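**Q**
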Amino acid sequence: MATVKIYSTPTCPYCKMVKDFLAEQHVEFENIDVASNQTAAQEMIAKSGQMGVPVLEIDGQVIVGFDKAKIKSTLGL
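If you're matching positions, the sequence shown starts at 1 in UniProt numbering and goes up one per residue.
So, in C-alpha cells, the structure goes:
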C-alpha cells in the first residue's frame, strides 16, 4: 500500500474532492492541514514549489491539484 499525504485546507473544494476520491478507492491517507500548521505549509512549498492546495505526496512523488488520472496512475488504480 502506498504512503499518501494530502496537504490541504478545510475550505478548499478540490481538497475535499481528492479526499472523497481516495476514500472511495479505499486508499488510506494522512491529511495535513496547512491552514493551521505553518511548518507543514513550508514543507509543502519546499516539496512542490506551490502555495496552492491540494498537494499530494504518494510514495515521495508530488502531485499538485486534483489530477485524477495522475493520482490513479501513481497509485496503480
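For glycine and all other residues, C-beta sits at the position ideal for the given N, C-alpha and C.
Values in this document were obtained by computation on a predicted structure and should not be read as measured data.
Output yes or no for whether 7 Å exceeds the beta carbon distance between GLU57 and LYS5.
**A** Cβ distance < 7 Å, so GLU57 and LYS5 count as in contact.
**Q** Whose C-alpha, out of LEU75, TYR7, ASP59, is nearest the C-alpha of residue 141?
**A** As shown, the chain starts at 1 and ends at 77. That puts residue 141 outside it, with no answer to give.
**Q** So GLN38 is in the alpha helix (DSSP H); what residue range does that whole segment cover?
**A** 38-48
**Q** Report the partner residues of ILE6 according to the DSSP bridge assignment.
**A** ASN31, LEU56
**Q** Tell me where the alpha helix (DSSP H) around CYS15 begins and ends.
**A** Its alpha helix (DSSP H) spans residues 13-24.
**Q** In terms of alpha-carbon separation, which member of LEU22, ALA35, LYS16 lies closest to MET51?
**A** Nearest C-alpha to MET51: ALA35.
**Q** Check each candidate in VAL64, LYS68, ASP59, ILE63 and name the one with the smallest Cα separation from MET1.
**A** ASP59
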